[in-house]
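Okay, so here's the structure we're looking at.
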Amino acid sequence: MSPRSFPRGRAIRLESIVKRWDDTVALDEVGIDVAPGSFTALLGPSGCGKSTLLRIVAGLEPASAGRVVIGEDDVTTRPADKRDLSMVFQSYALFPHLSVAENIVFGLRTRGVKRPERQARLERVAHLLGLEALLERKPAALSGGQQQRVALGRAVIAERSICLMDEPLSNLDAKLRQTMRTELRALQRELGFTMLYVTHDQVEAITMADQVVLMNAGRVEQAATPGELYERPATTFAARFIGTPPMNLIPAAALGEVGVRLERALGLAVQVGIRPEAMHPARGAATFEMAVTGAEYLGADALVQGRIGEAPVQMRVPGHAMPEVGGTVAMSVAADDFHVFDAGTGARVATPDPASLLARTGFSVATQGAEAPISNQRTP
Amino acid sequence: MRAGHDGLPVAFFVQEDAPMLSRQWIHGWLLLLPALAFIFLFTHIPAITTIWNSFQSTPRGRRPAQFVGLDNYERLIGDPVFWKVLVNNLWFALGTIPVSIALSIAMALFVNRAFAGRSLVRMAYFTPTVLPLIAVANIWLFFYTPGFGLIDQVLGAFGHGQTNLLGSPDTALGAIIVVSIWKEAGFFMIFYLAALQAIPPQLAEAARIEGAGGWTIFRRITFPLMMPTTLFVSINAVINAFRLVDHIFILTGGGPDNASSLLLYYIYETSFRYWDTAYGATLTVVMLALLGLFAIGQFFLFDRKVHYK
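These protein sequences, in sequence, are chains X and E. Taken in order, the first sequence gives residues 370 to 749; the numbers are from my numbering. Taken in order, the second sequence gives residues -9 to 299; the numbers are from my numbering.
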């Protein structure tokens, strides 16, 4: 399909969207900016309101308050078919009584596109998605992956500037999901539309999206690039949601004397966040002593459960370097790998110069050149 | 030894397993026996007897039934009342089936939406189904009564004179048709309601995003997906059109001048009022043949158009 036939993607701006069902507030003042032609993932646990938000953008659900702006137009009250967007449903929503070809051109037919034009576009889309051999089949005679492609075909044939997807890969097996991730991303790049993609799978969001909007309980926790979300989580929720296993959150008080000094230096009660993969067995001065209570060998690496002071923590170490259960290990953590959160609100506490702050409060942190978190190399 | 000699192993097996097999066989038939006895007693034997009777004369007094060949069928072809009630029945079917199906789809679509008092409306639509047809006929008899029935009272308020819908040959069949539709539509609605609720709402949403309006969604998505229900309902409606005559007893008695008589009502009159049992059997055979043909025809006609899940 030639790129010229596609208009560039358009921007989406959501302004203080509120959605109430009787007494429950599903969305609470949600504001999001989606750049034209970008891939934005709405990520969050189930029930966080991400699908409701998508349906509000689609026009399938009215917002209780707030504005939906697409491109330059306020579309808040426009019906779904006047918003120039397409949508892929979690269940695919293929019409079971229509053939693949009829499913794909359904929208063109309802909009009165002439038959030769429909046929030409159908051929291009079928070629793009590798559906040529399946056009006469009914959806029931297709595998899950093929049904997924038909749903994609129906979404892209109309050449809309925006495509919405609601957990489109959740019904596929793990292997196919990985292939489709790559294909979806490539398709979106090639056709240039704006993608708004709902998922509860952090891997999908992080691998595909330009921007990840992390939602929790009807609010936006953080909207950032995948890298930023991992490296500088804005809240303890974001810190625990992104990354497997989740970030260790240790109340400063559990760290003893240094913890008390840290809280005094910052002037508030804090939690210290350290990712399992940021902890390394110390070669020089140790940042913490960790009591090892358990370990799981995973092949390339191993997960070590233990305690620092009273706080339970997990550490990821190379598979060949499993410590013994019952003993203690000395660990070092680089200054940049310390995350500090307000213990009350859960918000990130800005630490402009973490190295000197930690040095002042008595942490002996590792300098640069910490070991790579996942490594198959044996050190000689 | 068993497998080694041609012919011998087979005979050997049969001998060895025969008592086992025959006992299972007896157990199987014993288990089937009660159901078989009833189905033969009440369905197959009467049906065969009916067919046999249609080739016999009616026994009267000291004159027993005799084999008369196709005499009864010749009489049937020359019987103007038979043709009259057959044509009536076709008009009755044509009048009730499409209208009651269309009405039931409309009612199902209506009560499938969320609104206050939905269950009340559903119940109201279904009530005629719960009522016995005899009771329904009595209610409608009051509506139709010339002079002070509901219809005449309403028409009278607009200065219209008396009507006698049941008593006039032009309107009697129409009046019966209306009662049947009223009785049947609510029953069919239940099936359509179940069919509608089995359609995932995402299909309509996907169609809406693709620019389909309410009518297009119904025509291209909802109605085709309800085709199995339509097939089921239409076969039932056809059977009912030939089977339900209770209201005729109350409302018109088939009159005036057989204007509202249907095939089954004529069979009843022939067999049990005039005791012409042989001719009644002949009429019954014709009706069964007709119904069988309709059912087969409907399956063939619809089969290509019905999408089963």
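Every residue gets a Cβ at the ideal spot worked out from N, C-alpha and C, and that includes glycine.
query	result
Please confirm if the region 412 to 431 of chain X is in contact with the region 576 to 594 of chain X, defined as three or more CB-CB distances below 8 Å between the two stretches.	yes
Report yes if the C-beta distance between X:P650 and X:M700 is below 9 Å; otherwise report no.	yes
Determine which residues share a DSSP beta bridge with X:A680 and list them.	X:I677
Verify whether the separation of the beta carbon atoms of X:R550 and X:L538 is less than 9 Å.	yes
Would you mind stating whether X:I425 and X:K388 have Cβ atoms separated by less than 9 Å?	yes
CB-CB under 7 Å to E:L252, same chain, minus the five flanking residues each way: which ones, in chain order?	V75, N78, N79, F82, V235, I238
Taking 8 Å as the threshold, find out whether the region 503 to 519 of chain X comes into contact with the region 388 to 403 of chain X through three or more Cβ pairs.	no
Quick one: measure Cβ to Cβ for E:L183 and E:V101, integer angstroms, because I've assumed they're closer than 8 Å.	7 Å
Measure from the C-beta of X:P537 to each C-beta in chain E and report whether the shortest distance is under 9 Å.	no
For X:H708, report the span of its beta strand (DSSP E) as first-last.	708 to 711
In chain E, which residues lie less than 8 Å from X:L429 when you measure between Cβ atoms?	E195, R198, I199
How would you write the range of the beta strand (DSSP E) that X:F657 sits in, first residue to last?	657 to 666
Taking DSSP as the reference, what is the three-state secondary structure of X:M700?	strand
Alpha carbon to alpha carbon, what distance is there between E:A197 and X:F458?	12 Å
Over what stretch of residues does the alpha helix (DSSP H) that includes X:Q547 continue unbroken?	543 to 560
Can you tell me which of the three DSSP states E:R103 falls into?	coil
Would DSSP call E:A188 helix, strand or coil?	coil
Does the distance from the CB of X:A427 to the CB of X:E573 come in under 9 Å?	no
Across the region 661 to 674 of chain X and the region 722 to 733 of chain X, are there enough close Cβ pairs to call them in contact, namely three or more that are closer than 8 Å?	no
Within 10 angstroms of its Cβ, does X:P414 collect 16 or more other Cβ (buried), or is it exposed?	exposed
Name, please, each residue of chain E whose Cβ falls closer than 7 Å to the Cβ of X:R480.	G201
Got a sec: is the Cβ-Cβ distance from X:F562 to anything in chain E below 9 Å?	no
List the endpoints of the continuous alpha helix (DSSP H) containing X:E430.	That residue, X:E430, is in no alpha helix (DSSP H); it is neither H nor E in DSSP.
Measure the C-alpha to C-alpha separation of E:Q187 and E:A202 and round it to an integer number of angstroms.	20 Å
Pull up the distance between the alpha-carbon of E:D266 and that of E:F289, whole angstroms please.	35 Å
Unbroken alpha helix (DSSP H) runs of length 4 or more, entirely within the region 27 to 79 of chain E: which are they?	35 to 43, 61 to 67
Quick check on the DSSP output: the beta strand (DSSP E) that includes X:L511 runs from which residue to which?	It is not in any beta strand (DSSP E) - X:L511 carries neither H nor E in the DSSP assignment.
State the beta-bridge partners of X:R447 as determined by DSSP.	Bridge partners of X:R447: none, in fact.
What are the start and end residues of the alpha helix (DSSP H) that includes E:E259?	Careful: E:E259 lies outside any alpha helix (DSSP H) and carries neither H nor E.
Around the C-beta of E:R103, are 16 or more other C-beta atoms found within 10 angstroms, so that it is buried, or is it exposed?	exposed
Would you say E:V0 reaches chain X, if we count a Cβ-Cβ gap shorter than 9 Å as a contact?	Here the model assigns E:V0 a pLDDT of 47, short of 50, so the residue's position is not dependable and the matter cannot be decided.
Are the beta-carbon atoms of X:A690 and X:A671 separated by less than 9 Å?	yes
Strictly under 9 Å for the Cβ-Cβ distance: is E:T206 near chain X by that measure?	yes
To test your reading of the DSSP string, which unbroken alpha helix (DSSP H) runs of 4 or more residues are found completely within the region 562 to 636 of chain X?	571 to 577, 595 to 600, 605 to 610, 626 to 635
Distance cutoff 9 Å, beta carbons only. Does X:G476 sit that close to anything in chain E?	yes
Mind listing the chain X neighbours of E:V192? Cutoff is C-beta to C-beta under 7 Å, in chain order.	Per the sequence presented here, residue 192 of chain E reads as Gln, with Val not at that position. Within 7 Å Cβ-Cβ: F458, S460, A462.
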